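Structure first, then comments.
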Amino acid sequence: MTQLRNIPSVERVVSSDLLSREVRAYSREWIVSLVRLQLDKARAEVRGGAEAPSAEEVAQATRLLLDNMNRPAPVPVINATGVVIHTNLGRAPLSKSATDAALQAAQGYSNLEFDLSNGRRGSRQAHLQDILQQLTGAEAGLVVNNNASAVLLGLSALAAGKEVVVSRGEAVEIGGGFRVPDVLAQSGAILVDVGTTNRTYARDYENAITDQTGAFLKAHASNFRVEGFTASVEPAELVQLGAACGIPVLHDVGSGALLDTEAYGLAHEPTPQESVASGVGLTFFSGDKLLGGPQAGIIVGSRELIGLLERHPLARAFRIDKMSLASLIATLMHYLRGEAEREVPVWRMISTPLQILEKRAESWKLAASSSGNVGGTVVETRSAIGGGSLPGETLPTRALSLDCSSLRGSAQGVMQRLRGAHPPVIARIENDQVLFDPRTVLPEQEEDFLKSLQGAIGAD
Ligand SMILES: *Cc1c(COP(=O)(O)O)cnc(C)c1O
């Protein structure tokens, strides 16, 4: 236990030269509390058999902790992976006007829940009603924090204590911990799974109807694909089946593609408009996948069902914040104005012509060859949609491929230096080559991208 006595005192660490700048810049109490934290850690380590650290070592660790806390987070990164909706990198980048709208909502007061015509309390949902109605054809809409909470709210409000019939092929994990059976259980509904993993027929749903049935749930299998001998029931058919017994259909379409993905050479992604037109009771979708807006969960459907959801206590718990609401409205307006392909970044990326991608990759190749002794080629490869949208669907692209075998740490070393660059660049490795896909690098990031790239390959 003599080692415990060798641990420096708080005072000795705080008065170390290594912390003098910090003590001057911030409150002394804060530095003292951080040093205490480090000393607690040191004591635990010493009890585990480690040597006691010196005052300088504790001061150094305290400074590191401070530096980390002072760093803004999350920091912007450049996405050169070619995955358009990259959940780990923040999903959809926002359009200029969606960004401006969020900023404006954040900076001052607004009529978020205030009716300017009569001076009374208003609803934050009012601002969206006309827009959602015109975009999807639904009678009413409700927006919450994300699609996971949207589905949980819908099930809780309509089916708690009742049975919800789901196809076995759709009682799945959608990713990020969103499991249809778990969400159902959390809502208080009882899962009745019907059919088999690959084939479910209308009669399976029909046979499952009891006087306890609260809803049919259809969930889009958005991150995987079952191929071959498969069958599922179209929403319209379920609507017909349910109508006879007053059972509503709840349809989680996932991505919220308001544009036709087939027009871009991709597989068909169910659109909210189609879902509404099929007559389902409620349609659920995300704001930050193919819709290309902020994190949000959008619910559209009949006025009656939306009203039930609005009055449920979870609607308050899941309510959308003012910045997301403002940028969601700005994003949706791009679709109504017919300018989504040009203005919404995810659609601009998806629709970028191959010649432009090729030109950018060629110019990157020149920049790379001028700053490192690496062999660069422009290769034909594929960009992915990602983000639990269009499973396995890719778009042809042109990427810069760098042979980094002669550089320190080879491809993995270059990837690591790219992550440590300012701003960090996230690329991908294919066949031991480092690949940079221009599709997901925003044009205004080009200059920063090249600086980070040149630093990572030229620093040897
Ligand atoms: C992504 C997804 C969700 C979850 O949506 P979040 O907005 O991420 O909460 C739910 N259902 C489906 C079908 C999805 O694709």
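Numbering-wise, the numbering used here comes out as the position in the sequence shown, counting from 1, plus 56. Backbone N, C-alpha and C define an ideal beta-carbon position, used for all residues, glycine too. It should be emphasised that the depicted structure is a prediction, and the values quoted were computed from it without experimental measurement.
As assigned by DSSP and simplified to three states, the class of residue i
i	result
Ser-419	helix
Ile-355	strand
Leu-498	coil
Arg-454	strand
Ala-440	strand
Asn-144	helix
Asn-124	helix
Asp-516	Low confidence applies here, because Asp-516 scores a pLDDT of 45, under 50, leaving its location unreliable; read the following figure in that light. Correct three-state label for Asp-516: coil.
Leu-93	helix
Thr-528	Examination of residue 528 is not possible in this model, given that the chain is present from 57 through 516 alone.
Val-282	coil
Asp-316	coil
Asp-156	helix
Arg-61	helix
Phe-234	strand
Ala-182	helix
Val-228	coil
Ala-287	strand
Rounded distance between the beta-carbons of residue j and residue i, thought under 8 Å
i	j	result
Phe-340	Ile-303	Actually they do not touch by this definition, with Cβ atoms about 17 Å apart.
Ser-311	Gly-349	Not quite, the Cβ-Cβ distance comes to about 12 Å (not below 8 Å), so this is no contact.
Val-199	Ile-376	5 Å
Thr-286	Asn-254	5 Å
Leu-95	Ile-63	6 Å
Ala-245	Leu-211	5 Å
Leu-322	Ile-441	7 Å
Ala-204	Gly-357	Actually they are not in contact, since the Cβ atoms of Ala-204 and Gly-357 sit about 18 Å apart, beyond 8 Å.
Val-481	Ile-134	5 Å
Element boundaries [beta strand (DSSP E), containing residue i]
i	result
Gly-310	305–310
Ala-196	196–200
Asp-249	246–250
Arg-484	484–486
Glu-219	219–223
Element boundaries [alpha helix (DSSP H), containing residue i]
i	result
Phe-340	That residue, Phe-340, is in no alpha helix (DSSP H); its beta strand (DSSP E) goes 338–342.
Ala-275	Looking at the DSSP string, Ala-275 is not in any alpha helix (DSSP H); the run it does join, the beta strand (DSSP E), is 269–275.
Leu-474	466–475
Ile-265	Careful: Ile-265 lies outside any alpha helix (DSSP H) and carries neither H nor E.
Ile-187	185–192
Val-402	401–406
Leu-491	Counting along the chain, Leu-491 falls outside any alpha helix (DSSP H), though it belongs to the beta strand (DSSP E) covering 489–492.
Gly-298	291–299
Val-207	203–215
Pro-328	328–333
Tyr-391	378–392
Val-133	Segment: none, Val-133 is in no alpha helix (DSSP H) and carries neither H nor E.
Ala-373	369–373
Val-70	66–70
Val-79	76–81
heavy atom of ligand 1 below 7 Å from residue i C-beta
i	result
Lys-345	yes
Val-356	no
Asp-186	no
Phe-374	no
Asp-377	no
Ala-204	yes
His-142	no
Gly-197	no
Val-207	yes
His-276	yes
Gly-448	no
Phe-505	no
Gly-193	no
Gly-310	yes
Gly-353	yes
Ile-230	yes
Ser-342	yes
Phe-272	no
Phe-234	yes
Residue i Cβ short of 7 Å to ligand 3 heavy atom set
i	result
Ala-512	Absence of ligand 3 from the depicted structure is noted, with ligand 1 being the only ligands included.
* Do the stretch 177–190 and the stretch 211–221 touch if we need at least three Cβ pairs shorter than 8 Å? -> Counting Cβ pairs under 8 Å, fewer than three are found: no touch.
* Between the stretch 173–181 and the stretch 404–415, do three or more beta carbon pairs fall short of 8 Å? -> Put simply, the stretch 173–181 does not touch the stretch 404–415. Fewer than three CB pairs are less than 8 Å apart.
* To do: Check whether the stretch 137–152 touches the stretch 443–463, taking contact to mean three or more Cβ pairs, one atom from each stretch, closer than 8 Å.
  => In the pairwise beta carbon analysis, the stretch 137–152 is classified as touching the stretch 443–463: at least three pairs are separated by under 8 Å.
* To do: Evaluate contact between the stretch 417–432 and the stretch 119–130, counting only Cβ atoms and requiring at least three cross-stretch pairs below 8 Å.
  => Taking a contact to require three or more Cβ pairs closer than 8 Å, the stretch 417–432 and the stretch 119–130 do not qualify as touching.
* Between the stretch 470–478 and the stretch 497–515, are three or more C-beta pairs nearer than 8 Å? -> Cβ pair count under 8 Å is three or more, so yes.
* Spell out a yes or no on whether the stretch 459–472 and the stretch 484–493 are touching, meaning 3 or more CB-CB pairs, one atom from each, closer than 8 Å. => Segment contact: the stretch 459–472 against the stretch 484–493, three or more CB-CB distances shorter than 8 Å; contact assigned.
* Would the stretch 384–393 and the stretch 141–159 be scored as touching if the rule is three or more Cβ pairs under 8 Å? -> Yes, the stretch 384–393 touches the stretch 141–159.
* Is it true that the stretch 219–233 meets the stretch 319–329, where meeting means three or more beta-carbon pairs spaced less than 8 Å apart? -> These segments do not touch.
* To do: Assess, as a yes-or-no matter, whether the stretch 105–120 is touched by the stretch 70–88 under the definition of 3 or more beta carbon pairs within less than 8 Å.
  => With contact defined as three or more Cβ pairs closer than 8 Å, the stretch 70–88 and the stretch 105–120 are in contact.
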